[in-house]
Amino acid sequence: MSKIIWPLAIDTWGDAERAAAHRVIDSGHLTMGEEVTAFEREFAAHVGSRFAVMVNSGSSANLLAVAAVCAERDLTLERGCNAVVPAIAWATTYAPLHQHGLALRVADVDPLTLNNTAALMRACVDPSTALLVTVSILGNPAPLRELRELADEHNLVMIEDNCESLGAKVGGKHCGTFGDVGTFSFFFSHHLSTGEGGMLVTDDRKLYEIALCLRAHGWTRQLPGNSPLRSRPEVADNYQFVLPGYNLRPTELTAAVGRVQLQRLDEMNYWRGHNLLVFLDRFAGDIRWEIQYPLSPDTLRVPFGFTLVFPTKEDKARAAQRLTDAGIEHRMITGGCFTEHPAAVHYDWCAPGGVPRAQHAHHCGLFVGNHSVDLSEQIETMWRALR
65 MSKIIWPLAI DTWGDAERAA AHRVIDSGHL TMGEEVTAFE REFAAHVGSR
115 FAVMVNSGSS ANLLAVAAVC AERDLTLERG CNAVVPAIAW ATTYAPLHQH
165 GLALRVADVD PLTLNNTAAL MRACVDPSTA LLVTVSILGN PAPLRELREL
215 ADEHNLVMIE DNCESLGAKV GGKHCGTFGD VGTFSFFFSH HLSTGEGGML
265 VTDDRKLYEI ALCLRAHGWT RQLPGNSPLR SRPEVADNYQ FVLPGYNLRP
315 TELTAAVGRV QLQRLDEMNY WRGHNLLVFL DRFAGDIRWE IQYPLSPDTL
365 RVPFGFTLVF PTKEDKARAA QRLTDAGIEH RMITGGCFTE HPAAVHYDWC
415 APGGVPRAQH AHHCGLFVGN HSVDLSEQIE TMWRALR
């Protein structure tokens, strides 16, 4: 077996992150507290949102987003509602929707961006549609302005899953802030890493307070004293349970590390952009594969990885073997196509226009990781392996 020279993910923690973790350990206060509150405030300011709620993973952020929206709109009482979703995303983009009783209408993706488009999603909207769920794949922004317009046109709640694209922008505005609620992931391999962790952002105070409540058991302990969620505001009792909640709380350790990583985010994303230019120089314009292209000139990409989609499964298999032989780790693009996984049988879903492009990317595509260090040498090795 070849020595791995280009792993899918690398450790981005340095001395400052480890010092922050040890500081929390030494304090003796490990569960959610002042570090979490500070990180939420700093993160919201960084992306330009009014409110942020930290949780224990990006998947939990998606769950909390759907739960908060359903509680705010009483969607759980209206069985038969559906959500329009892109065919390519991560498993936990879809699972919370099913868990809250929503059917899925699955839209195909654009073959060049691998993202949903307004036209493809519009074709899936029907009178029972309540939610529009958007995803920016691998640091490449989706057409978020057009999707926001589509949501507003049909009075839909827009949930923006931005777990793969922290730092990406459209027209100078952060991805993750176009929706009524947006989510981010801080998993080990992501743009900002706390090991495990995630964040929900919103400009809507009601959604924010519902999310605070649902994050910790459905109780009122973290809510402002004047919150309308308190069923008996005259009673100074932090142990009122007012919603069927969860325990999605993060730790002080992850928040302290996140605060350090947030200060380094622009520098780390600079290297991701640098590596993109090197990758494009070698791999763009080659008829043997398709790569992921940006939506428009005013988008800022922060690539989470580099994709190659081949004409056939056999072409993909040969390329995958050459990458393995060269010590370059690779995997399917994001979570692949939703309809191609065994879990799809458990969902109530349909794909009104079919999803042939997403299916092709699922079976004939792969991606390699992009990191916050110079990968020029590794990209050259990859080029030679596939040449």
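Residue 65 is where the sequence shown starts when you use the numbering used here, and the numbers rise one by one after that. Don't be surprised by glycine CBs; every beta carbon is placed ideally from N, CA and C. This one's a predicted model, so the numbers in the text were calculated from it and none came from an experiment.
### Task
With DSSP as the reference, please indicate the residues paired to Ile152 in a beta bridge.
Cys401
### Task
Keeping to the same chain, check which residues put their C-beta closer than 8 Å to that of Pro175; ignore five residues upstream and five downstream.
Glu354, Val373, Arg421, His424, Ala425
### Query
Of all the options Cys428, Leu317, Leu276, which has the alpha carbon lying nearest to the alpha carbon of Ala132?
Leu276
### Query
Should the region 345–360 be called in touch with the region 122–136, which here means at least 3 C-beta pairs below 8 Å?
no
### Message
Out of Cys414, His427, Pro358, which one is the CA nearest neighbour of Glu378?
### Response
Answer by Cα proximity: His427.
### Task
Assign Glu393 to one of three DSSP states: helix, strand, or coil.
coil
### Task
Would you kindly work out how many angstroms separate the C-alpha atoms of Phe343 and Phe242, rounded to a whole number?
29 Å
### Task
Confirm, please, whether the CB-CB distance from Arg386 to Ala319 is below 8 Å.
No, these two residues do not count as a Cβ contact at 8 Å.
### Task
Could you spell out where the alpha helix (DSSP H) holding Met332 opens and where it closes?
316–347
### Task
Just confirm the distance between the C-beta atoms of Trp70 and Val437, as a whole number of angstroms; I'd bet it's less than 8 Å.
Incorrect: roughly 11 Å between the Cβ atoms, too far for contact.
### Task
Determine, using beta carbons only, whether Lys208 and Leu196 come nearer to each other than 8 Å.
Per the sequence presented here, residue 208 reads as Leu, with Lys not at that position. No, the pair does not count as a contact, with Cβ atoms beyond the cut-off.
### Query
Skipping 5 residues on each side, what residues in its chain have a beta carbon closer than 7 Å to that of Ala85?
Leu317, Ala320, Val321
### Query
In three-state terms, what does DSSP make of Val366?
coil
### Query
Alpha carbon to alpha carbon, how far is Pro191 from Arg395?
38 Å
### Task
Measure the C-alpha to C-alpha separation of Ala183 and Asp216 and round it to an integer number of angstroms.
15 Å
### Task
Grab me the residues of His93's own chain with a C-beta within less than 7 Å of its C-beta, minus the 5 sequence neighbours each way, in chain order.
Here the set comprises Glu316.
### Cα-Cα separation between Arg169 and Ala407, rounded to whole angstroms
16 Å
### Message
Which residue wins for smallest C-alpha separation from Ser249, given the options Cys239, His238, Gly261?
### Response
Gly261
#### Entry: Residue(s) in a DSSP beta bridge with Phe115
Thr266
### Query
Out of curiosity, what's the CA-to-CA distance linking Thr181 and Asn126?
21 Å
### Query
Based on Cα-Cα distance, which residue from Pro358, Gly399, Glu444, Val419 lies nearest to Ser123?
Relative to the Cα of Ser123, the nearest Cα in the group Pro358, Gly399, Glu444, Val419 belongs to Gly399.
### Task
Would you decide whether Ser360 is buried or exposed? Buried here means 16 or more other CB atoms lie within 10 Å of its CB.
Flag for Ser360 reads exposed.
### Task
Note down, in chain order, each residue of its chain lying with its Cβ closer than 6 Å to the Cβ of Ala455, except the 5 sequence neighbours on either side.
This structure cannot settle anything about residue 455, because the visible part of the chain is limited to 65 through 451.
### Query
Measuring CB to CB, does Asp267 end up less than 8 Å from Ser113?
The answer is yes: Cβ separation under 8 Å.
#### Entry: Beta-bridge pairing of Asp379 - partner residues as DSSP gives them
Paired residues: none, contrary to the question.
### Sequence-distant residues of the same chain with beta carbon closer than 7 Å to Leu326, five excluded per side
Glu106, Phe107, His110, Leu256
### Query
Hey, would you say Phe402 sits closer than 8 Å to Ala151, going by beta carbons?
yes
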